[in-house]
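All residue numbers for the sequence shown refer to my numbering, where the first residue is 11 and numbers rise by one.
Just so it is clear, CB atoms sit at the ideal spot from N, CA and C, and this is done for glycine as well.
The structure presented is a predicted model; accordingly, all values stated were derived computationally and were not measured.
Read the structure below first, then the notes.
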Amino acid sequence: MPVSYQLVNLDKKETIAFARIDTGSSFLELSGTVVFGSLLSYYMLKNIGDKITFANDSEDDFYFFGIHYTWKDFHDYRNVTEELINELIHSGLYEDRGIIWIDQDENLYYRNIINTFDPKYG
Numbered sequence: 011m012p013v014s015y016q017l018v019n020l021d022k023k024e025t026i027a028f029a030r031i032d033t034g035s036s037f038l039e040l041s042g043t044v045v046f047g048s049l050l051s052y053y054m055l056k057n058i059g060d061k062i063t064f065a066n067d068s069e070d071d072f073y074f075f076g077i078h079y080t081w082k083d084f085h086d087y088r089n090v091t092e093e094l095i096n097e098l099i100h101s102g103l104y105e106d107r108g109i110i111w112i113d114q115d116e117n118l119y120y121r122n123i124i125n126t127f128d129p130k131y132g
């Protein structure tokens, strides 16, 4: 199974998780999607100067900016994923095209978010 990543803002104690967005969460999946790129750019530009990094699910211990962290340290961080997506929908950059169901019995789905500035959809 591929390694999954989550963005962590150590200064603001915020995270961005990709479990409910149709971007995937592995290195190549995230690197290859327009929605991830625009979400990352938007967040980074809003938080210039913050200590922001990625934590992966294959490790328990991390050393970021000279400080030791574990996954447990990130449990109380505020997940801002939905808030950011809603901001980008409101701004007109994203369009929400509903849900892509993976398994309704297990409540597994992705939000079908489209970057409207992407020429592929224009």
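Beta-carbon proximity of residue 89 to residue 14, cut-off 8 angstroms: On the sequence shown, residue 89 is found 79 positions in, with the first residue counted as 1. On the sequence shown, residue 14 is found 4 positions in, with the first residue counted as 1. No, the pair does not count as a contact, with Cβ atoms beyond the cut-off.
Helix, strand or coil at residue 96 according to DSSP, with G and I counted as helix: Counting from 1 along the sequence shown, the entry for residue 96 is found at position 86. Looking at residue 96 - three-state DSSP - the assignment turns out to be helix.
Residue 108, enclosing alpha helix (DSSP H) - first and last residue: The count along the sequence shown starts at 1 and reaches residue 108 at position 98. Residue 108 -> not in any alpha helix (DSSP H); beta strand (DSSP E) instead, spanning 104-113.
Look at the Cβ atom of residue 124, then the Cβ atom of residue 105, and state whether they are nearer than 8 angstroms. Taking the sequence shown and counting its residues from 1, one reaches residue 124 at position 114. Taking the sequence shown and counting its residues from 1, one reaches residue 105 at position 95. The answer is yes: Cβ separation under 8 angstroms.
For residue 52 versus residue 94, is the C-beta distance shorter than 8 angstroms? Translated into the one-based positions of the sequence shown, residue 52 becomes position 42. Translated into the one-based positions of the sequence shown, residue 94 becomes position 84. Yes, these two residues count as a Cβ contact at 8 angstroms.
Note down, in chain order, each residue of its chain lying with its Cβ closer than 8 angstroms to the Cβ of residue 45, except the 5 sequence neighbours on either side. Within the sequence shown, residue 45 is the residue found at index 35, counting from 1. Excluding sequence neighbours, residue 45 sits near 31, 32, 33, 104, 123, 124 and 125.
First and last residue of the alpha helix (DSSP H) that includes residue 84? Here residue 84 refers to the residue found at position 74 when the sequence shown is read from its first residue. Residue 84 -> alpha helix (DSSP H) spans 81-84.
Given this structure, state the Cα-to-Cα distance separating residue 84 from residue 18, to the nearest angstrom. Your numbering for residue 84 matches position 74 in the sequence shown. Your numbering for residue 18 matches position 8 in the sequence shown. Taking the straight line from one Cα to the other gives about 8 angstroms.
DSSP three-state call for residue 24: helix, strand or coil? Residue numbering aside, residue 24 sits at position 14 when the sequence shown is read from its first letter. DSSP places residue 24 in strand when its eight states are reduced to three.
Given residue 59 as reference, the closest of 75, 69, 47 and 118 once Cα atoms are compared: The residue given as residue 59 occupies position 49 in the sequence shown. Measuring from the Cα of residue 59, the nearest candidate turns out to be 75.
How many angstroms separate the CA atom of residue 82 from the CA atom of residue 26? Within the sequence shown, numbered from 1, the residue matching residue 82 stands at position 72. Within the sequence shown, numbered from 1, the residue matching residue 26 stands at position 16. Cα to Cα, residue 82 sits roughly 16 angstroms from residue 26.
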